[in-house]
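Enquirer:
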Amino acid sequence: MKIVSWNINGIRTFKAGIKKSLDALDADIICLQETKVTRELLDERTAIVEGYNSYFSFSKGRSGYSEGVATFCKDNATPFAAEEGLTGLLTNHSGAVGCYGDQAEFSDEELQTLDSEGRAIITQHRIVCGEREETLTVLNVYCPRADPEKPERRLFKLRFYQLLQIRAEAILGAGGHVIVLGDVNTSHRPIDHCDPDDVDDFDENPGRKWLDHFLAGRNPEEGKAGEEGEGAGTDSRDAAGGTRGGRFVDTFRHFHPARSHAFTCWSTVTGARRTNYGTRIDYILASRGLAEAEFLDSDILPEVEGSDHCPVRGLLRCALLASPRCPPLCTRHMPEFMGRQQKLSRFLVKVGQAAAATAADSQLPGSQESGEVRENLPPAAETGRGSGTKRRPLAEPSASRNKKARTATSGPRQQGNLLAFFRPRPTGAGRGATAAGDGDPLGGRQDSPARVGGTPEENELSLPGSAQPDGPVPEVEEEEEEEEEEGGRASQKPQHRDGEEPQRFWKSVLRGPPTPPSCKAHGEPCVLRTVKKPGPNLGRQFFVCNRPQGHASNPDARCNFFTWVAKGR
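Quick look at the structure:
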């Protein structure tokens, strides 16, 4: 039996097609986190995959929120029970897993909040261990991240951990085996972190304290890592092999107690994956009996790209027994994918979204969100154009025809350029001249570069319709004569008496990015960044080394060059 967990950072990660990507992972049970899809955005090609049955948990908050988990099981691994969430409040069918434990310390409102972000899917399977048929429960979780700027999220994360432990231990206490896997969002030991700050207080982090309590004692060999030089920074407090009271095992460290630089998450902003400057926060945590008796190996798959995380894999000797039918939570039982008659409210969606989804249904991958569908629509689908030209109505109202007739007799209409909106309006003689020319700055000349019927390039480069030209008309005539000598082609650049004025103006408005300096360590051009963190420097720009982030001892990593961009640049 093979099981895989992967934070995919959006279901659209599967650019090659979801079935092909699932097949490439080569596992019986595939648990995905951070799907970034809600039920309204889930389409049939993503939910119903040939050879698999799937189970989704959606964020109940705003659409497209970053949470959401999904479990895909091969048909030979169909579970006999499945449930969304940890609290039991989201369960309204007979195929629930049950065993909720003592939740008395949580209020009803808190329980609803903890299950409102789509962070857990539980599937229950039957396995054959030797000659015995037993139960295996898989908890696919995406644990919250503790935002340093939001203290309430720190508490939310710890309460989620606490609820997860209560549920996992309750299921384990009812008999069978349990696996808790997914993005736990905490690196357990210094060996699991690329550059741990304040190693002496590393274990004081509340998330690490919870992992210490949840997991059984570490392998005694892990304490030797520092002596061997392979796992520098590993805490050796338990080198004597002391066993904690936890009932679960970190399966990766069970098989690889001293492997260093084994990370599962890297910053994409800094390109840290190229220098392997990351953390290990994705786990397969198994009940102790299962880890010791049935696990053959557990490893990370850093060669698999497509997300800021890599998959983690577990290999077990036990065999799976498929349920004859999918539990009610399976996406195959959703009304929108069964062809059943639905409520009218399901069809009352915004016309723009519905039209976009329909138009792109045969053109875009099923894993794309509705916002992306609209962005990728061809012009014909957006405006109703077929051959690049806008269709004219069959008939126009008489008022519209009369208006067009009046416009046609009032003289040619001239397209002004953008510079006209930044120049002061002409006064005195300028206004009189404009009136005499009936809106034509050249005194009504029909052969000027701004004449109606010229090419778009000619009209784009024409003089503004509300301003008198700076020079006399003869200069324009000389320009036209030169154009005629060149074959009647319109000049590619407008000729103004103050020809450098537009250039000076646009340079003052559009200064462009400042010239990047070179970093002192590598002598390479730096990269421009902008502060996005709220605070006094929000919006300020600065230069840093263009190389990927890495450890200070790595010569190929980013150096510590930093400089602010001067204000007004």
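Anchor point for the sequence shown: position 112 equals 111 in numbering that gives the first Met the number 0, and the numbering is continuous, going up by one each time. Beta carbons: idealized from backbone N, C-alpha and C, even for Gly. Predicted model only: the values in this text are computed from it and were never measured.
1) Report the residue from R11, K18, L24, I17 whose alpha carbon sits nearest the alpha carbon of P310.
2) Please report how far the alpha carbon of A173 lies from the alpha carbon of A119, in whole angstroms.
3) Who are the Cβ neighbours of P327 in its own chain at under 6 Å, not counting the five residues just before and after it?
4) Go ahead and pull the three-state DSSP assignment for V508.
5) Buried or exposed: which applies to R166, given that a residue is buried once 16 or more other Cβ atoms fall within 10 Å of its Cβ?
6) Taking C-alpha atoms, which residue in V526, C329, P554, V543 lies nearest to D74?
7) Let me check understanding here. Comparing Cα to Cα, which of C264, G270, T278, Q164 lies closest to F247?
8) Which word fits M337, buried or exposed, when buried means at least 16 other C-beta atoms lie within 10 angstroms of its C-beta?
9) Of the residues E66, T77, G522, E109, which one's Cα is nearest the Cα of G87?
10) Count Cβ pairs between the region 196-216 and the region 18-32 that sit closer than 8 Å; are there 3 or more?
11) Taking the C-alpha atoms as reference points, what is the distance between D114 and S56?
12) Which same chain residues end up closer than 6 Å to S552 when comparing Cβ atoms and leaving out the 5 residues on each side of it in sequence?
13) Distance, Cα to Cα, L138 vs H255?
14) Thinking C-beta only, is D249 closer than 7 Å to L300?
15) Grouping DSSP H, G and I as helix and E and B as strand, with all else coil, what is H550?
16) Under a three-way DSSP split, which group does K19 fall into?
17) Would a C-beta distance cut-off of 7 Å place G313 and I2 closer than the cut-off?
18) Below 7 Å between beta carbons: does that hold for T77 and S322?
19) What's the gap between the Cα of D146 and the Cα of R152?
20) Quick one: is V268 buried, meaning 16 or more other Cβ sit within 10 Å of its Cβ, or exposed?
21) Between the beta-carbon of A81 and the beta-carbon of T122, is there less than 7 Å?
22) With a floor of 3 residues, list each beta strand (DSSP E) that falls wholly inside the region 300-334, ordered by position along the chain.
23) Quick check: the Cα distance between A169 and G97, rounded to an integer number of angstroms?
24) What does P524 pair with, by DSSP beta-bridge criteria?
25) If you measure from the CB of H521, is any heavy atom of the ligand SAM nearer than 6 Å?
26) Suppose contacts are defined by Cβ-Cβ distances below 7 Å. Is S186 in contact with R324 by that definition?
27) Compare the beta carbon distance of N559 and E523 with 7 Å and say whether it is the shorter of the two.
28) Quick one: grab the DSSP three-state call for L284.
29) Determine the DSSP secondary structure at A556, reduced to helix, strand or coil.
30) If we count the other Cβ atoms within 10 Å of its Cβ and call it buried at 16 or more, is R316 buried or exposed?
31) If V140 sits next to V179, beta carbons under 8 Å apart, how far is it from one beta carbon to the other, in whole angstroms?
32) Which residue from A565, N184, G549, M333 puts its Cα closest to that of N52?
33) On a CA-only basis, which of C142, F504, V526 is nearest E33? Give me that one, please.
34) State the DSSP-derived secondary structure class of E133, mapped to helix, strand or coil.
35) In the DSSP assignment, the beta strand (DSSP E) including F542 goes from what residue to what residue?
36) Fully enclosed by the region 172-216, which alpha helix (DSSP H) runs are 4 residues long or longer?
Expert: Here's the rundown:
1) As a first step, residue 310 is located in the sequence shown; it is residue number 311 there, counting from the start. Residue L24 is the option with its Cα nearest to P310.
2) Taking the first residue of the sequence shown as 1, we reach residue 173 at position 174. Taking the first residue of the sequence shown as 1, we reach residue 119 at position 120. Their Cα atoms are separated by approximately 20 Å.
3) As a first step, residue 327 is located in the sequence shown; it is residue number 328 there, counting from the start. Answer for P327: H92, G94, listed in chain order.
4) Within the sequence shown, numbered from 1, the residue matching residue 508 stands at position 509. Note: V508 maps to helix in three-state DSSP.
5) Residue 166 sits at position 167 when you count from the first residue of the sequence shown. It is buried - the Cβ of R166 has at least 16 other Cβ atoms within 10 Å.
6) For the purposes of this step, residue 74 is taken as the residue at position 75 of the sequence shown. It is C329.
7) Position 248 of the sequence shown, counted from the first residue, corresponds to residue 247. Of the listed residues, the one whose Cα sits closest to F247 is Q164.
8) Position 338 of the sequence shown, counted from the first residue, corresponds to residue 337. M337 comes out exposed.
9) Walking along the sequence shown from the start, residue 87 turns up at place 88. Of the listed residues, the one whose Cα sits closest to G87 is E109.
10) no
11) Position 115 of the sequence shown, counted from the first residue, corresponds to residue 114. Position 57 of the sequence shown, counted from the first residue, corresponds to residue 56. Each residue's alpha carbon lies about 10 Å from the other.
12) Residue mapping note: residue 552 aligns to position 553 of the sequence shown, counting from 1. If we look at S552 and ignore the five residues flanking it on each side, it has no Cβ neighbours.
13) Position 139 of the sequence shown, counted from the start, is the residue given in the question as residue 138. Position 256 of the sequence shown, counted from the start, is the residue given in the question as residue 255. Looking at the two C-alpha atoms, the distance is approximately 23 Å.
14) Along the sequence shown, one-based indexing puts residue 300 at 301. Along the sequence shown, one-based indexing puts residue 249 at 250. The answer is no: Cβ separation not under 7 Å.
15) For the purposes of this step, residue 550 is taken as residue 551 along the sequence shown, with counting starting at 1. Reduced to three states, the DSSP call for H550 is coil.
16) Here the question's residue 19 lines up with position 20 in the sequence shown. Helix.
17) The residue labelled residue 313 in the question sits at position 314 within the sequence shown. The residue labelled residue 2 in the question sits at position 3 within the sequence shown. The Cβ atoms of G313 and I2 sit closer than 7 Å to each other.
18) Within the sequence shown, residue 77 is the residue found at index 78, counting from 1. Within the sequence shown, residue 322 is the residue found at index 323, counting from 1. Closer than 7 Å, so yes.
19) Counting from one through the sequence shown, the residue named residue 146 turns up at place 147. Counting from one through the sequence shown, the residue named residue 152 turns up at place 153. Each residue's Cα considered, the two are about 6 Å apart.
20) Here residue 268 refers to the residue found at position 269 when the sequence shown is read from its first residue. V268 should be labelled exposed.
21) In the sequence shown, residue 81 corresponds to position 82, counting from 1. In the sequence shown, residue 122 corresponds to position 123, counting from 1. It is a contact, given that the beta carbons lie within the stated cut-off.
22) Entirely contained in the region 300-334, the beta strand (DSSP E) runs reaching 3 residues are, in chain order, 311-315, 318-320.
23) On the sequence shown, position 170 is the one that residue 169 refers to. On the sequence shown, position 98 is the one that residue 97 refers to. Within the model, the alpha-carbon separation for A169 versus G97 is close to 9 Å.
24) Along the sequence shown, read from residue 1 onward, the residue named residue 524 stands at position 525. Per DSSP, S517.
25) You won't find the ligand SAM in this model; it holds no ligand whatsoever.
26) As a first step, residue 186 must be located in the sequence shown, where it is residue number 187. As a first step, residue 324 must be located in the sequence shown, where it is residue number 325. Cβ distance not < 7 Å, so S186 and R324 don't count as in contact.
27) Working through the sequence shown from its first residue, we reach residue 559 at position 560. Working through the sequence shown from its first residue, we reach residue 523 at position 524. No, these two residues do not count as a Cβ contact at 7 Å.
28) The residue given as residue 284 occupies position 285 in the sequence shown. In the structure shown, L284 sits in a strand (DSSP, three-state: E or B).
29) In the sequence shown, the residue the question calls residue 556 occupies position 557. Coil, per DSSP.
30) Counted from its first residue, the sequence shown places residue 316 at position 317. Classification for R316: exposed.
31) Locating residue 140 in the sequence shown gives position 141, counting from the first residue. Locating residue 179 in the sequence shown gives position 180, counting from the first residue. About 7 Å; that satisfies the 8 Å criterion.
32) Here residue 52 refers to the residue found at position 53 when the sequence shown is read from its first residue. For the residues A565, N184, G549, M333, the minimum Cα distance to N52 belongs to M333.
33) The residue labelled residue 33 in the question sits at position 34 within the sequence shown. Closest by alpha carbon: C142.
34) Residue 133 sits at position 134 when you count from the first residue of the sequence shown. Residue state, collapsed to three classes: strand.
35) Against the sequence shown, residue 542 aligns to sequence position 543. Where F542 is concerned, the enclosing beta strand (DSSP E) stretches over 540-543.
36) 205-213
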